[in-house]
Structure formats: structure tokens, C-alpha cells
Amino acid sequence: MFYSSDNIYILPSRRGKHKIFIGMAPGVGKTYKMLEEAHELKQDGIDVVIGILETHGRKETAMKAAGIELIPQKACIHHNVTLQEMDTDAILQRSPQLVLVDELAHTNVPGSPREKRYQDVEAILAAGIDVYSTVNIQHLESLNDLVARITGVVVRERIPDYLLDEADAVIVIDVTPETLEERLQEGKIYAPEKIEQSLKNFFQRGNLIALRELALREVADTIEEEANSANLARQHCTIHEQVLVCVSTYPDSVQLLRRGARIANYMNARLYAVFVGNPERFLTKEESLHIDTCEKLCRDFGGEFLHYKSQNVANTIAQVAIDHHITQIIVGESQQPSWKRWLKVSFTQRLMNLIRHKKIDLHIISTDK
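Per the numbering used here, the sequence shown starts with residue 3, numbered consecutively.
Following this line, the structure appears as C-alpha cells:
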């Protein structure tokens, strides 16, 4: 939204288009390819600027940026330290046709108008400006647990899956693990002192093969979903599958939500999450924050979060499933000691008995304790 000289609101005629360059790991060439396309568009007369560029000391990338206007970063002070961030307001004021934004999953300095860089991108798109951005597959929210199991690294900076779903184009920048290892050893990705450590950790051959498969599969799934959606629209069909994830105060609820989002995505289903609290018990501050995190995560996945109070959790979830026409329920494996489960019928068993004749599938997911 902009102001004219008469202080009248002027809405952009269209939302900007978003093209994402995605890869399996740092160094595959996402930023370079983005800059390469930007130069071609600039030669065709398109007004292109760089909003933020993270070269990480890579000379080839820095050289490729030459000739494209760079919007100066703004200084942000945090704990008496001056840090640089992308100046979204300056980009909006400059109002180019296309802006390049590197590292979509970046977290902004505390106190910034928006917490994440992808939220800055959404503001730029809403102003009618096209965006080219880059991201690695390990930053995708629903893959976080899987990436941690593969690489042993918990990725802290993440983007919601809907960014890929809503993007106008997603381009996989693919190289073989062997090529990536060669680039690393030649010093084209990290400084020499980081090479050996990287090869022994994140850049192990097995990790790269698995991450490459994830990147290719993710985009293939997106293309397939678009094709299926187009077919559904032509046939005037509705989506019949509905997925319900049961969250609790246990930390494994975050893993369940991500797993549920993946299942809903594969099934082209609507996602719900439900938390049933005990009306006679107040949540601790930590538990409340955990449930808030689950709710935000559910919404990031495009789902609907349901919150109920009841002493009979199984009955409430069964009724929710019936009311919302749920076809798939996802619950976590019981974290109670086995001797307690022997003394009474488990929650899972009670829920199973309640939905047995309702044509609802129950998925019991084993999660990290």
C-alpha cells in the first residue's frame, strides 16, 4: 500500500510474483543462478535491484552481482552491536519491478518490524513487486525433524511450507554430491579453515545424497499437486480427505504437526490440529507457550487449530473428528510408563474404540522422547 502526493491510499494493481531458487545445500549455485537470470531481465529493460545479497565471501557470486543496483542495508543496533539488515522500506519506496532477496529463511535482528525475512518478502509482494529468492531444502518447516535425523543438525531458521505452495515458480538448482564436494574442497563455498570440518559433518556424502533427493522430491510433489488441483477444478470435485493432529503439552507435538502436514500435503487434504485441555488444571507458562507454538505452526501449514476444554479427551477428539468429517487422525505414541498402561485402558485404545465404525484411520506416530 502506498501514498500519493495527496495522501490518498493507492493499492497495487496486482500482487507481485515470487520465484524461489531452492537447493540441497549451500554452494549449489542458487544465488549465482538468480543473479544470472536477473542480468538477462535487466538487458530486456526490466528494473531489477538487489534487496539483500549474502556472498559468504564467494568471489564468483560477488562478481556476478556487478552491474545490478544494490539497495543499501539499514543499520540495526542490538545489545550495543550494530548489525545490517535488508531495508524493506527503502525497497518499497524505490518500487522496482523485481527485487532479489537472498536467504529467505533468515531471522531478522530482534526489534525489526518483521521477525523473518520471508515476511519482508510477503510485504514486498503485497506491494506489487516481483521477488526472486533463494533457500535450501533443510529450511522447510515440515522437513525439520527428517533433516535432523539425516544430518544430525537441527536447523533453527525455517520457512513455512506454504511459501513453496504459493510461489509462482520453484526452481531446483541441482548438482551432484561429487560436484558439491569438489566446490567445497576448492574453497568455493567456505573459507579453507572450515572445509575439513564441513566434509566430516553436514557435507558427508550420505547427507548430500539424501538432501538432494528431498529437494527433487519436494518440487516434484509440488508440480504433481498443481496438476492434481487443476484436474480437480476441471472435474468440480471437492477434497474428501481431512487430517486431524492431536497435540498435547508434550514436546513431541511439534514433530506430530510436521508429520501431519506432510501427510495432509501428500493426500491433498485439509489439516486440523486439536488440543483438549483439562478445565480443572491451569497450564504452566512453558506449556502455554508450547501450545501457542503448535497453533502458530499449524497456521503456517495452512491448517486450522481447535482448542477445547474437557476431562474426557478421547471422547472430545472423537466428536471433533465426526463434526469436521475427519478421515485421518494422528496421535503420538504414549509417553506413559508401560506399567501405568497395563493398569487402565490407554487413551489410544479408547479413541480407537470410539472411531472404530466411523471410517476414520488412526495413525500412531513414534516420536523422539
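Just so it is clear, CB atoms sit at the ideal spot from N, CA and C, and this is done for glycine as well. If you're wondering where the values come from, they're calculated on a predicted model, not measured in any experiment.
query	result
Please go through the segment 163-231 and give each complete alpha helix (DSSP H) segment of 4 or more residues, from N-terminal end onward.	164-168, 179-187 and 194-202
Output the residue ranges of the beta strand (DSSP E) runs that lie fully inside the segment 30-72 and measure 3 residues or longer, sorted by chain position.	50-54
Taking DSSP as the reference, what is the three-state secondary structure of residue 120?	helix
Pull up the distance between the alpha-carbon of residue 131 and that of residue 89, whole angstroms please.	15 Å
With a 10 Å radius around its C-beta and 16 neighbouring C-beta atoms as the bar for buried, classify residue 324 as buried or exposed.	exposed
Considering only the alpha carbon of each residue, which of 136, 356 and 78 lies closest to residue 55?	136
Please confirm whether residue 70 and residue 40 have their CB atoms less than 8 Å apart.	yes
Out of 124, 129, 169 and 33, state which residue places its alpha-carbon closest to the alpha-carbon of residue 97.	129
Which of the three DSSP states is assigned to residue 251 in this structure?	coil
How many whole angstroms separate the CB atoms of residue 143 and residue 158, which I take to be in contact at a CB cut-off of 8 Å?	Contact doesn't hold; Cβ gap of about 12 Å is too wide.
If you reduce the DSSP assignment to three classes, tell me which class residue 17 lands in.	coil
Could you check whether the Cβ of residue 199 sits closer than 8 Å to any Cβ belonging to chain B?	Structure shown: chain B not included; a single protein chain is present.
Leaving out five residues before and five after residue 150 in sequence, what residues of the same chain have Cβ atoms less than 8 Å from its Cβ?	156 and 157
Quick one: is residue 104 buried, meaning 16 or more other Cβ sit within 10 Å of its Cβ, or exposed?	buried
Check each candidate in 118, 259 and 32 and name the one with the smallest Cα separation from residue 191.	32
Under 8 Å, do residue 94 and residue 48 count as touching if we go by C-beta distance?	no
Using only CA atoms, which one of 100, 141 and 213 lies nearest to residue 20?	100
Name the DSSP beta bridge partners of residue 276, please?	248 and 308
Per the contact definition of three or more C-beta pairs closer than 8 Å, is the segment 205-220 in contact with the segment 174-181?	yes
Inspect the beta-carbon positions of residue 262 and residue 332 and report whether they are closer than 8 Å.	yes
Could you work out which residue in 22, 254, 316 and 23 is closest to residue 147 when comparing CA atoms only?	254
Smallest Cα separation from residue 264: which of 195, 175, 348 and 367?	367
Between the Cα of residue 322 and those of 313, 334 and 308, spot the shortest distance and give me the residue it belongs to.	308
Where does residue 23 fall in DSSP's three states?	strand
Would you list the residues sitting across from residue 87 in a DSSP beta bridge?	76
Within this structure, are the beta carbons of residue 316 and residue 349 separated by less than 8 Å?	yes
Rounded to the nearest angstrom, what separates residue 306 and residue 249 at their Cα positions?	13 Å
Alpha carbon to alpha carbon, how far is residue 246 from residue 23? Give it in angstroms, no decimals.	32 Å
Helix or strand or just coil, what does DSSP make of residue 295?	helix
Could I get the ranges of all uninterrupted alpha helix (DSSP H) runs contained in the segment 103-152, with 4 residues as the minimum, in chain order?	119-128
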